[in-house]
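A.B. asks:
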Amino acid sequence: MKTFTKHQIELCRKADRSTQRLVFDALYAPMFRICQRYLVHTAQTEDCVLKGMMKMFQEIDSFIFEDETSLFKWLRQIVVNEALMELRKKNNFYLMPEESFPEIADQQDILSAMHAEDINKMILKLPTGYRTVLNLFVVEGYSHKEIAEMLNIKESTSKTQYMKAKSKLKEILENYRGEANGTFGE
Amino acid sequence: MEHLENNIIRKKLESLEELPSNYEVNLASKFDLVMQANQPKKKNYLLWLAVPASIAASFILFLIFGQSNIPSTLIASKVKKPQTSKFDNIKPQKQMAIGFPIRVKNKKAISPSKKVESKTTIVPQLAVNTKQENKTDQIDSLVSEIQIVSNNSNQKQKKSRFREIDFNDQVLPVNLASESKKEPNFIRFKFSDGAAINSIQPEKVLSYRQSF
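From first to last, the protein sequence lines stand for chains F and B.
For the first sequence, numbering that gives the first Met the number 0 gives the first residue as 0, with consecutive numbering after it.
For the second sequence, numbering that gives the first Met the number 0 gives the first residue as 0, with consecutive numbering after it.
#1: Closer than 9 Å by beta-carbon distance: list the chain B residues that pair up with Asp186(F), in chain order.
#2: Around the C-beta of Asp218(F), are 16 or more other C-beta atoms found within 10 angstroms, so that it is buried, or is it exposed?
#3: If you check the beta carbons only, do Thr2(F) and Leu10(F) fall under 8 Å apart?
#4: Got a sec: which bits of the stretch 23 to 38 of chain F sit with their beta carbon under 9 Å from any beta carbon on chain B, in order along the chain?
#5: Restricting to runs no shorter than 4 residues, where is the alpha helix (DSSP H) found entirely within the stretch 49 to 135 of chain F?
#6: Under 8 Å, Cβ to Cβ, is there at least one residue of chain B near Gly184(F)?
#7: Pull up the CB-CB distance for Arg36(F) and Ile109(F), whole angstroms please, since I reckon it's below 8 Å.
#8: Name, please, each residue of chain F whose Cβ falls closer than 8 Å to the Cβ of Leu45(B).
#9: Output the distance between the C-alpha atoms of Lys11(B) and His114(F), rounded to the nearest integer angstrom.
#10: Could you give the residue range of the alpha helix (DSSP H) that holds Thr18(F)?
#11: For chain B, find out if any of its Cβ atoms is closer than 8 Å to the Cβ of Ala179(F); answer yes or no.
#12: Counting only the same chain and skipping the five closest in sequence on each side, list residues whose C-beta sits under 7 Å from that of Lys144(F).
#13: Can you give me the C-alpha to C-alpha distance between Gln76(F) and Tyr141(F), rounded to a whole angstrom?
#14: Output, in sequence order along the chain, the residues in the stretch 2 to 17 of chain B whose CB is closer than 7 Å to any CB in chain F.
#15: With burial defined as no fewer than 16 other Cβ atoms inside 10 Å of the residue's Cβ, what is the status of Ile8(B): buried or exposed?
#16: Less than 8 Å between CB atoms is the rule here; does Ile118(F) satisfy it with respect to chain B?
#17: What does Asn249(B) touch in chain F if you count any residue whose Cβ is under 7 Å from its own?
#18: Taking only beta carbons into account, state which residues of the stretch 145 to 163 of chain F come closer than 9 Å to chain B, listed in chain order.
#19: Measure the C-alpha to C-alpha separation of Gln107(F) and Asn134(F) and round it to an integer number of angstroms.
#20: With a threshold of 8 Å between beta-carbons, can Phe30(B) be considered close to chain F, or not?
#21: According to DSSP, is Glu23(B) helix, strand or coil?
#22: Mapping DSSP to helix, strand and coil, what is Ile152(F)?
#23: If I follow the unbroken alpha helix (DSSP H) through Lys5(F), where does it start and stop?
#24: Would you please verify whether the beta carbon of Val50(B) is less than 8 Å from any beta carbon of chain F?
#25: Kindly indicate which three-state DSSP category Glu16(B) falls into: helix, strand or coil?
#26: Is the stretch 58 to 78 of chain F close to the stretch 45 to 52 of chain B, with three or more CB pairs under 8 Å?
#27: Any beta-carbon of chain B closer than 8 Å to the one on Thr2(F)?
#28: Using a Cβ-Cβ cut-off of 6 Å (strictly less than) and excluding sequence neighbours within five positions of Ile59(B), which residues of its own chain qualify?
#29: Less than 8 Å between the C-beta atoms of Gly51(F) and Val22(F), yes or no?
#30: What do you get for Arg32(F), buried or exposed, if any count of 16 or more other CB atoms within 10 angstroms of its CB means buried?
#31: By how many angstroms is the C-alpha of Arg20(F) removed from the C-alpha of Thr44(F)?
#32: Of all the CB atoms in chain B, is at least one closer than 8 Å to the CB of Gln107(F)?
#33: On a Cα-Cα basis, can you pick out the residue from Thr131(F), Leu172(F), Arg176(F), Asn174(F) that is closest to Thr156(F)?
#34: Measuring straight from C-alpha to C-alpha, what distance separates Ser28(B) and Lys72(F)?
#35: State the Cα-Cα distance for the pair Glu148(F) and Phe61(B), rounded to the nearest angstrom.
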């Protein structure tokens, strides 16, 4: 997680070009990764990150400094919201009725053995609804109630989507296990 | 167990802070885009100020220079009144060989105490052809005669709705004064007993409409 001092943030507020550039360069790559997990497509991801950056520099006067990671967290929230807005334009998150799912077997050992890049690719292969709920629940740490409000769906639908996402991940992991020495996703 | 799985996924994903290997980007150009997008806000602010500033400037200029620069055509007191002579507005019709008299009415302003008197003058609508220019003197004299006659006979005249023709009468020369009256809509023929046609009873008046 990238950190920034209070002095750097003050310089950004005073529109110091070199500090703004430093912040931009430091945050572009992690924000691109976060945004790509939602939108998948590179062009859409770029647009989303740039919109988030614009908002950050425009609204930096309203930013409250708590610690050195607070700017990163703030921008991350902006970028996730931008990505969700983009998804809402093209996707209807009213997806499926609530269903019961069998217990998913423990795959902790497999996940631990996997490379981060492979897990990322695995998540990008999920359908939009599954991927969005999984990202919001697992990575961002939102509750199902919060996710339901964000995506304008029922809480039960959010849970269903999460369970289906996990089930789909299991399938992909089993395929991954089958590929003994091959590189995943290529 | 599920939480442990989720923690592993989260930590692995959050460790990805570098751009993908197959993705190349020019960060300088992207940064310029972001900065350019932030600039127009100031321009809009200036434009917002420009409108009231221009209004104020024009008002101040108006106060400084006053009415001296206002063209005389815009000031009511300086506007030249058009000539109101009776014959100024009458344009000759070039196409017509013969001019027919037209009626010009001068109505006075209506006041509640006085009755409105309408003064009627007959003015011949003259056709000034290039060939007939030498006759203009004669026409002018004719106009003046008509005016004099019409003024004398300007007392209350009942509008005749029809013209009565007696076939027994002798043909009289046309009186200009009588010609100046309004053209009748009907001509009434009066037949004597001897001149009556079989189908027409004596003393019966035959009327026909002159103009349709």
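Glycine residues also receive a C-beta, built at the ideal position from the N, C-alpha and C atoms.
C.D. replies: Per the coordinate set shown:
#1: Residue 186(F) is absent from the structure shown; chain F starts at 0 and stops at 185.
#2: The question about residue 218(F) has no answer, for chain F in this structure spans 0 to 185.
#3: Between Thr2(F) and Leu10(F), the CB-CB gap reaches or exceeds 8 Å.
#4: For the stretch 23 to 38 of chain F, the set of positions with a beta-carbon nearer than 9 Å to some beta-carbon of chain B reads Phe23, Asp24, Tyr27, Ala28, Pro29, Phe31, Arg32, Ile33, Gln35, Arg36 in chain order.
#5: For the stretch 49 to 135 of chain F, whole alpha helix (DSSP H) runs of length 4 or above, ordered along the chain, are 69 to 89, 107 to 112, 115 to 123, 127 to 133.
#6: Residue placement at Gly184(F) is flagged as unreliable, the pLDDT there being 48, under the threshold of 50; the coordinate-derived value follows with that caveat. For Gly184(F), not one C-beta of chain B is nearer than 8 Å to its own C-beta.
#7: The beta-carbon separation of Arg36(F) and Ile109(F), rounded to 20 Å, does not stay under the 8 Å limit for a contact.
#8: Correct list: empty, because the minimum Cβ distance to chain F is about 17 Å.
#9: Taking the straight line from one Cα to the other gives about 8 Å.
#10: First-last of the alpha helix (DSSP H) with Thr18(F): 16 to 38.
#11: Because the pLDDT at Ala179(F) is just 44, under 50, the model does not fix this residue reliably, and the value given afterwards should be weighed accordingly. Interface residue (Cβ-Cβ distance to chain B less than 8 Å): Ala179(F) is not classified as such.
#12: Only Glu154 meet the Cβ criterion.
#13: Between Gln76(F) and Tyr141(F), the C-alpha separation is close to 12 Å.
#14: Per Cβ criterion, the list reads Leu3, Glu4, Asn5, Ile7, Ile8, Arg9, Lys11, Leu12, Ser14, Leu15, Glu16, Glu17.
#15: It counts as buried.
#16: Nearest CB-CB separation between Ile118(F) and chain B: below the 8 Å threshold.
#17: Beyond the ends of chain B as shown, which are 0 and 211, falls residue 249(B); an answer cannot be given.
#18: If the cut-off is 9 Å between Cβ atoms, the stretch 145 to 163 of chain F has nothing near chain B.
#19: Spanning the alpha carbons of Gln107(F) and Asn134(F) requires a straight line of approximately 18 Å.
#20: Yes, its Cβ sits closer than 8 Å to a Cβ of chain F.
#21: The DSSP-derived three-state label of Glu23(B) is coil.
#22: In the structure shown, the three-state DSSP call for Ile152(F) is coil.
#23: Secondary structure note for Lys5(F): its alpha helix (DSSP H) is the uninterrupted segment 5 to 12.
#24: Interface with chain F (8 Å Cβ-Cβ cutoff): Val50(B) is excluded.
#25: It is coil, neither helix nor strand.
#26: No, the stretch 58 to 78 of chain F is not in contact with the stretch 45 to 52 of chain B.
#27: False, the Cβ-Cβ gap to chain B never drops below 8 Å.
#28: Within the same chain, no Cβ atom closer than 6 Å to the Cβ of Ile59(B) is found once the five residues on either side in sequence are excluded.
#29: At least 8 Å separates the beta-carbon of Gly51(F) from that of Val22(F).
#30: By the neighbour-count criterion, in which 16 or more other beta carbons inside 10 Å mark a residue as buried, Arg32(F) falls on the buried side.
#31: About 20 Å.
#32: So, interface residue.
#33: Checking every option, the nearest Cα to that of Thr156(F) belongs to Thr131(F).
#34: Cα to Cα, Ser28(B) sits roughly 25 Å from Lys72(F).
#35: The alpha-carbon atoms of Glu148(F) and Phe61(B) are separated by roughly 60 Å.
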